[in-house]
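J.:
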Amino acid sequence: MTNASDVEVVGALHRDWVFGWERNPGDAPFDFRDVQGARYDWDFDGVVLYDDFDPAHRVARGAGEYAEIWEPAFRDLRLAHHRVAAGPDVVVSGDLAASWLVFVARLEDLSGTVTGIRTTTSLVWRRTGEHWKIVREHNSSVVLEADELDAAMADVPVTR
Numbered sequence: 001m002t003n004a005s006d007v008e009v010v011g012a013l014h015r016d017w018v019f020g021w022e023r024n025p026g027d028a029p030f031d032f033r034d035v036q037g038a039r040y041d042w043d044f045d046g047v048v049l050y051d052d053f054d055p056a057h058r059v060a061r062g063a064g065e066y067a068e069i070w071e072p073a074f075r076d077l078r079l080a081h082h083r084v085a086a087g088p089d090v091v092v093s094g095d096l097a098a099s100w101l102v103f104v105a106r107l108e109d110l111s112g113t114v115t116g117i118r119t120t121t122s123l124v125w126r127r128t129g130e131h132w133k134i135v136r137e138h139n140s141s142v143v144l145e146a147d148e149l150d151a152a153m154a155d156v157p158v159t160r
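Residue 110 in full-length UniProt numbering sits at position 110 of the sequence shown, with consecutive numbering throughout.
#1: State the DSSP-derived secondary structure class of residue 204, mapped to helix, strand or coil.
#2: Below 6 Å CB to CB, which residues in the same chain sit around S140 once its five sequence neighbours on both sides are set aside?
#3: Compute the distance between the beta-carbons of V47 and D41, then report whether it is under 8 Å.
#4: Taking the alpha-carbon positions, what's the R83 to D43 distance?
#5: Out of curiosity, what's the CA-to-CA distance linking S93 and G87?
#6: Assuming L77 and D109 are in contact, meaning their beta carbons sit under 8 Å apart, how far apart are those beta carbons, in whole angstroms?
#7: Determine the extent of the beta strand (DSSP E) in which A85 is found, giving its start and end residues.
#8: Where do the N-terminal and C-terminal ends of the alpha helix (DSSP H) with R33 fall, by residue?
#9: Please return the same chain residues whose Cβ sits closer than 6 Å to the Cβ of W17, not counting the five positions on each side in sequence.
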């Protein structure tokens, strides 16, 4: 595979990762391994995953630990709608790739409370055979006021 095609593949994987977090009313309960599991390296000992939107600010040292953080949170959502605001930008060197993008999300919990976020996400991918898997993740989020969220969602087209 050429570097140019690796860049395209990893960029598409990062976009798919964003939309893998989508939730709609009536969806089956969120199961991390079923929904996002194929994107993460479950066997590599060097996995480090962090998202500052986690209220406890935990660092997961494996995909299983990350699932324990996000399954309950996403099971408590009625909906989660995302838009990619910038990126992805990708660099590839051998069997490692790094990707960056910014997304905006509207999250609505089961009580109807809406939270808006703008998140900058950086992922490191490791090639395992023919597949790229996430081995590092760092997400930094800013909570948006309702008017900021509406404007941000309106400014960015839905692209998958």
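All C-beta atoms in this analysis are idealised placements derived from N, C-alpha and C, irrespective of residue type, glycine included.
T.: Straight from the coordinates:
#1: Missing from the structure shown is residue 204; the chain here goes from 1 to 160 and no further.
#2: Translated into the one-based positions of the sequence shown, residue 140 becomes position 140. Excluding residues within five positions, the ones whose Cβ falls inside 6 Å are D52, T120.
#3: Looking up residue 47 in the sequence shown gives position 47. Looking up residue 41 in the sequence shown gives position 41. Cβ distance < 8 Å, so V47 and D41 count as in contact.
#4: For this step, residue 83 is matched to residue 83 along the sequence shown. For this step, residue 43 is matched to residue 43 along the sequence shown. About 30 Å.
#5: By 1-based counting over the sequence shown, the position of residue 93 is 93. By 1-based counting over the sequence shown, the position of residue 87 is 87. Computed Cα separation, rounded: 19 Å.
#6: Translated into the one-based positions of the sequence shown, residue 77 becomes position 77. Translated into the one-based positions of the sequence shown, residue 109 becomes position 109. About 6 Å separates the two Cβ atoms, so the contact holds.
#7: Looking up residue 85 in the sequence shown gives position 85. 77-93 is the extent of the beta strand (DSSP E) around A85.
#8: Numbered from its first residue, the sequence shown carries residue 33 at position 33. First-last of the alpha helix (DSSP H) with R33: 32-35.
#9: Sequence index remark: in the sequence shown, residue 17 carries index 17 (1-based). Correct list, in chain order: R39.
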